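Undergrad: Letter by letter, the sequence shown follows residues 80 to 254 of the numbering used here. The beta-carbon is built from N, C-alpha and C at its ideal position, and this holds for glycine as well. Keep in mind that this is a model prediction, so the values were computed, not measured.
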Amino acid sequence: MGKALRIHVLKESYYRLDPPEGKVIYSDGKKTKEEELIKAKDIDERIDYPLLNPIQTVFYKFYKGGNALVASPTSSGKSLIAYLFMRNFEGRIVYTVPTRSLAKEKLLEFKRYYPNNVELRTGENVLEGFKEVKAKVVVSTYEHLAYSLRNRARWLEGLSAVVIDEVHQILKRWI
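Below, the structure written as structure tokens:
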């Protein structure tokens, strides 16, 4: 197993939308570096922002595969980081969240990147667990994913990645 890479985005980093500008200042524990933010359209035309923010820029620059843990405040751009992560996988991907309302919100968000290739699994309907999934991305609640794993649901075959949003909620929700 390779050594974990830890990058800390420093508070001196900044990002503005009007006009679009910013810098990322980060440390790997040994050196501190300052760089320009990455232009979003250079990565994917579907990204609605002119630049990746500092945290997104660091993730895009350093993520080379495998597991990743991103810890940052609410509304700091982790959903776009999840998309940047998911682009690296060929098979089915599950994006799991603690609540049905958040699952529905994320479903709409990911439809921008995966048109006609995202499905929702929340467990609201008992028959949902038996329904075939054809989409590349499945947005699911924690409970429904746990239920599906326990019951070896067929829609989990070919699973290549799992994104856990709001990971601190897992223990609170008894999953």
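Can you say whether E207 is buried or exposed, counting buried as having 16 or more other CB atoms within 10 angstroms of its CB?
TA: With 16 or more Cβ atoms within 10 Å of its Cβ, E207 is classed as buried.
Undergrad: By the 10 Å Cβ neighbour count, where 16 or more other Cβ atoms means buried, how is V205 classified, buried or exposed?
TA: It is exposed - the Cβ of V205 has fewer than 16 other Cβ atoms within 10 Å.
Undergrad: Do I255 and V88 have their CB atoms nearer than 8 Å?
TA: The chain is shown from 80 up to 254; residue 255 falls before or after that span and cannot be answered.
Undergrad: Taking 8 Å as the threshold, find out whether the stretch 214-234 comes into contact with the stretch 190-198 through three or more Cβ pairs.
TA: These segments touch.
Undergrad: Any idea which residues DSSP pairs K118 with across the strands?
TA: DSSP, once it has assigned bridges, lists L130 as partnering K118.
Undergrad: Reducing DSSP to helix, strand and coil, say where S154 ends up.
TA: Reduced to three states, the DSSP call for S154 is coil.
Undergrad: DSSP three-state call for L96: helix, strand or coil?
TA: Three-state result, L96: strand.
Undergrad: Cα separation between E113 and K143?
TA: For E113 and K143, the distance between alpha carbons rounds to 20 Å.
Undergrad: Of the residues K190, R125, G145, T175, which one's Cα is nearest the Cα of G202?
TA: With distances taken between Cα atoms, G202 lies closest to T175.
Undergrad: With a cut-off of 8 Å, do at least 3 Cβ pairs link the stretch 151-163 to the stretch 99-109?
TA: Contact between the stretch 151-163 and the stretch 99-109 is absent, because fewer than three Cβ pairs lie under 8 Å.
Undergrad: Since L238 and G170 should fall inside the 8 Å C-beta cutoff, what is the C-beta to C-beta distance between them, to a whole number of angstroms?
TA: Contact flag correct, Cβ pair sits at about 6 Å.
Undergrad: Tell me the residue span of the beta strand (DSSP E) that contains A240.
TA: Counting along the chain, the beta strand (DSSP E) containing A240 begins and ends at 238-243.
Undergrad: For the candidate residues L235, Y105, A182, whose alpha-carbon lies nearest to that of F141?
TA: Residue Y105 is the option with its Cα nearest to F141.
Undergrad: Since F164 and A147 should fall inside the 8 Å C-beta cutoff, what is the C-beta to C-beta distance between them, to a whole number of angstroms?
TA: Going by Cβ atoms, the distance from F164 to A147 rounds to 6 Å, so yes, they are a contact pair.
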